[in-house]
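Colleague: Provided herewith is a single structure, encoded as structure tokens, for subsequent inquiry.
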Amino acid sequence: MSVRMPRWVDLKTITDRRGSLTAVESQDESLDFDLKRVYFLYGVGSSETRGAHAHRELEQLFIAVSGSFAMTLDDGVHQTSFTLDAPSRGLRVPRLYWRDLHSFSPGAVCLVLASDAYDESDYIRNYEQFKQIVLTSP
Ligand code: TYD
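Mapped onto the working numbering, the consecutive letters of the sequence shown carry residue numbers 9 to 146.
Structure representation (structure tokens):
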């Protein structure tokens, strides 16, 4: 199933007195695309903003595996902000959403699962161009 709207995804989490374990599997509902790449952001200062781009095709799942941060997603018309602060929950971000990542807590780690390899040609880094593309995209 593909999604066109951002949505929260509850991740399978097993907690006992030793702590917690969270799993993401391609075969279950937590990941609805084929995983091709994993990367993570860390050491981001609280006043820094990352992102400032959209992707033409890339599908992603964002997880705050440590600490917290905020994501503002823009579909070309509306902006919505999400706080990621739980390792047991991911934010599924479809293609064609402009994103800003900000308000990182000290020690925050943002894990990103992605549907494809890194490809700069998949990026839209100009906001006006993004609006043109998204408003004419089916
Ligand atoms: P970028 O995606 O712009 O980072 P952010 O959205 O977090 O601000 O990428 C920053 C730099 O890292 C840019 O030069 C591209 C490079 N990069 C890779 O080489 N591989 C990757 O998987 C990613 C996500 C980025």
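The beta carbon of each residue, even a glycine, is placed where N, CA and C say it ideally should be.
In this text, all values refer to a predicted model and were calculated from it rather than measured experimentally.
#1: How close, in whole Å, do the beta carbons of residue 62 and residue 106 come, if the pair is a contact with beta carbons under 8 Å?
#2: For residue 101, does the count of other Cβ atoms within 10 angstroms reach 16, so buried, or fall short, so exposed?
#3: What separation, rounded to the nearest whole angstrom, lies between the Cα atoms of residue 92 and residue 48?
#4: Over what stretch of residues does the alpha helix (DSSP H) that includes residue 140 continue unbroken?
#5: Using a Cβ-Cβ cutoff of less than 6 Å, which residues in the same chain neighbour residue 81 once the five nearest sequence positions on both sides are dropped?
#6: Taking the continuous beta strand (DSSP E) assigned at residue 29, which residues delimit it?
#7: Beta strand (DSSP E) containing residue 57: first to last residue?
#8: Determine whether the beta carbon atoms of residue 41 and residue 118 lie at a separation below 8 Å.
#9: Please tell me whether, using a cut-off of 7 Å, the distance from the CB of residue 53 to the nearest non-hydrogen atom of the ligand TYD is below it.
#10: Identify whether residue 108 lies in helix, strand or coil by the three-state DSSP scheme.
#11: Rounding to the nearest angstrom, what Cα-Cα distance links residue 54 and residue 99 in this structure?
#12: So what does DSSP say about residue 129, is it helix, strand or coil?
#13: Express the C-alpha separation of residue 36 and residue 194 in angstroms, rounding to a whole number.
#14: Contact check, residue 74 vs residue 116 under 8 Å by CB: the rounded distance?
Modeller: In short, the structure shows the following:
#1: If you number the sequence shown from 1, residue 62 lands on position 54. If you number the sequence shown from 1, residue 106 lands on position 98. The pair is a contact, with the Cβ atoms about 4 Å apart (cut-off 8 Å).
#2: Within the sequence shown, residue 101 is the residue found at index 93, counting from 1. Residue 101 should be labelled buried.
#3: In the sequence shown, the residue the question calls residue 92 occupies position 84. In the sequence shown, the residue the question calls residue 48 occupies position 40. Spanning the two alpha carbons is a distance of roughly 14 Å.
#4: To locate residue 140, count along the sequence shown from 1; it is residue 132. First-last of the alpha helix (DSSP H) with residue 140: 135-144.
#5: Position 73 of the sequence shown, counted from the first residue, corresponds to residue 81. Excluding positions up to five away in sequence, the list reads 14, 88, 105, 107.
#6: For the purposes of this step, residue 29 is taken as the residue at position 21 of the sequence shown. 27-31 is the span of the beta strand (DSSP E), which, as asked, contains residue 29.
#7: In the sequence shown, the residue the question calls residue 57 occupies position 49. It is not in any beta strand (DSSP E) - residue 57 carries neither H nor E in the DSSP assignment.
#8: Looking up residue 41 in the sequence shown gives position 33. Looking up residue 118 in the sequence shown gives position 110. No, the pair does not count as a contact, with Cβ atoms beyond the cut-off.
#9: Position 45 of the sequence shown holds residue 53. Checking the Cβ of residue 53 against the ligand TYD gives no.
#10: Residue 108 sits at position 100 when you count from the first residue of the sequence shown. Reduced to three states, the DSSP call for residue 108 is strand.
#11: Position 46 of the sequence shown, counting from 1, holds the residue named residue 54. Position 91 of the sequence shown, counting from 1, holds the residue named residue 99. When rounded, the distance between both Cα atoms is 20 Å.
#12: On the sequence shown, residue 129 is found 121 positions in, with the first residue counted as 1. Of the three classes helix, strand and coil, the one that applies to residue 129 here is helix, per DSSP.
#13: Nothing can be reported for residue 194: it is not among the residues displayed for the chain, which extend from 9 to 146.
#14: Indexing the sequence shown from 1 puts residue 74 at position 66. Indexing the sequence shown from 1 puts residue 116 at position 108. Indeed they touch by this definition, with Cβ atoms about 6 Å apart.
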